[in-house]
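K.L.:
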Amino acid sequence: MTALLVVLGAMAGAPLRLLAERLAAARRGPGSVVGTAAVNVAGSAVLGFLLGLGGVPAWLLALVGTGFCGTLTTFSTLGADVVRLGGEGRSGRAAAYLGGTLVLGIGAAAGAYGAAALL
Amino acid sequence: MLPDDRAGGQGDSQVFGYLAAALGGALGALGRWGTAEALPRETDGWPWATLLVNVTGCLVLGLLIGLVFARSPGSAWLRPFLGTGVLGGFTTFSAFALETVQLTDAGRPGPAAAYVVVSVVGGVAASALGIVAGRTRAPTG
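Given below as structure tokens:
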């Protein structure tokens with residue numbers, strides 16, 4: 000049952016990330032990392048909110064947390080894009096992308112976690 | 000025949016990519032969930048499962064980029080299925096971010112900072128290693 004909920008959440012999260020990547024590529028040119036950055040920050044905020052609430056039922060954590068947020072966000076594409084930008088001689092951009100994702104992503108997670116705990 | 004971005008049918012192949020990503024994402028997420036089940040952690044404990052999926056996922060995506068994607072740049076489904084889907088779903092940024100927040104919240108800022116450094120350095124190094132190894136081993140011509 001839990002596996003099914005994880006699958007359902009993942010089947011929404013992965014296409015949404017692909018949509019964000021394609022929108023960013025269409026607007027800002029191929030290779031844009033803005034789409035991946037946006038979903039990583041947004042997914043961290045949603046998961047932070049969910050866990051900050053506390054006492055959330057296990058089925059909701061599996062569906063929205065492990066399934067949707069876990070799959071909406073990605074670490075492998077982040078790593079690959081940082082290496083790609085560095086390899087293109089754009090080390091400054093690679094560092095800004097990596098640092099920006101970390102600060103905004105962990106910041107969004109912390110903010111949402113703290114805000115939900117106040118509810 | 001699978002649809003191909005370069006051969007027209009742009010709309011169909013776009014939809015095909017989303018379906019491929021959904022299917023691959025489901026498989027990747029199941030792998031991540033299974034890893035977390037096998038390596039459970041306390042809220043203030045070291046997140047071995049997430050670290051493991053993130054670093055190995057970076058390595059495998061790097062290998063795929065050199066070995067597979069570079070050889071089939073026009074495929075409408077290969078990268079959405081394996082890259083966006085399977086590896087994107089297997090690895091996660093949100094759990095990494097929340098585990099960092101929870102470690103800090105539990106009064107363990109040292110391990111939290113170490114977790115960020117190990118994940119980022121390990122992930123980027125694994126990506127670089129995978130990309131270089133994949134490119135080197137990819138048959139040319």
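Chains as they are written, first to last, in numbering that gives the first Met the number 0: chain A, 0 to 118; chain B, 0 to 140. Just so you know, even glycine gets a beta-carbon here, dropped at the ideal spot from N, CA and C.
(1) Determine the chain B residues that contact G0 of chain A at a beta-carbon separation under 7 Å, and present them in chain order.
(2) Between the alpha carbons of S12 of chain B and F92 of chain B, how many angstroms are there, rounded?
(3) So A111 of chain A and A24 of chain A are in contact, right, with Cβ under 8 Å, and what is the actual spacing, rounded?
(4) For a contact meaning CB atoms closer than 8 Å, what does L60 of chain B contact in chain A?
(5) Where does the unbroken alpha helix (DSSP H) through I130 of chain B begin, and where does it stop?
(6) Is there a C-beta anywhere in chain A that falls below 8 Å from the one on L51 of chain B?
(7) Using a Cβ-Cβ cut-off of 6 Å (strictly less than) and excluding sequence neighbours within five positions of G65 of chain B, which residues of its own chain qualify?
(8) Determine whether the Cβ of V115 of chain B lies closer than 8 Å to any Cβ atom of chain A.
(9) Keeping to the same chain, check which residues put their C-beta closer than 7 Å to that of R16 of chain A; ignore five residues upstream and five downstream.
(10) Tell me, please, whether the segment 60-78 of chain B touches the segment 49-58 of chain A by the rule of three or more beta-carbon pairs shorter than 8 Å.
(11) Would you kindly work out how many angstroms separate the C-alpha atoms of V63 of chain A and A28 of chain B, rounded to a whole number?
(12) Taking only three categories from DSSP, how would you classify T103 of chain B?
(13) Using a Cβ-Cβ cut-off of 8 Å (strictly less than) and excluding sequence neighbours within five positions of A127 of chain B, which residues of its own chain qualify?
P.N.:
Checking against the coordinates, here is how it stands:
(1) In the first sequence, residue 0 of chain A corresponds to position 1, counting from 1. First, the residue type needs correcting, since residue 0 of chain A is Met and not Gly in the sequence shown. Going along chain B, no residue has its Cβ under 7 Å from M0 of chain A, so there is no contact; the nearest lies around 12 Å.
(2) Reading the second sequence from its first residue, position 13 is the one you call residue 12 of chain B. Reading the second sequence from its first residue, position 93 is the one you call residue 92 of chain B. Distance between the alpha carbons of S12 of chain B and F92 of chain B: 28 Å.
(3) Numbered from its first residue, the first sequence carries residue 111 of chain A at position 112. Numbered from its first residue, the first sequence carries residue 24 of chain A at position 25. Between A24 of chain A and A111 of chain A the Cβ distance is about 27 Å, and since that is not below 8 Å, they are no contact.
(4) If you number the second sequence from 1, residue 60 of chain B lands on position 61. Going along chain A in sequence order, the residues near L60 of chain B (Cβ under 8 Å) are S75, T76, G78, A79.
(5) By one-based count along the second sequence, residue 130 of chain B stands at place 131. Segment 108-136, the alpha helix (DSSP H) holding I130 of chain B.
(6) Taking the first residue of the second sequence as position 1, residue 51 of chain B is located at position 52. So, not an interface residue.
(7) The count along the second sequence starts at 1 and reaches residue 65 of chain B at position 66. The answer, listed in chain order, is I130, G133, R134, A137.
(8) For this step, residue 115 of chain B is matched to residue 116 along the second sequence. With 8 Å as the cut-off, V115 of chain B counts as an interface residue toward chain A.
(9) In the first sequence, counting from the first residue as 1, residue 16 of chain A sits at position 17. These residues qualify, in order along the chain: V38, L71, T73.
(10) A contact between stretches requires three or more CB pairs, one per stretch, nearer than 8 Å, and the segment 60-78 of chain B fails this requirement with the segment 49-58 of chain A.
(11) Indexing the first sequence from 1 puts residue 63 of chain A at position 64. Indexing the second sequence from 1 puts residue 28 of chain B at position 29. In this structure, the alpha-carbon of V63 of chain A lies about 12 Å from that of A28 of chain B.
(12) The residue you call residue 103 of chain B lines up with position 104 of the second sequence. When DSSP states are grouped into helix, strand and coil, T103 of chain B belongs to the helix group.
(13) Taking the first residue of the second sequence as 1, we reach residue 127 of chain B at position 128. So the qualifying residues of the chain are G61.
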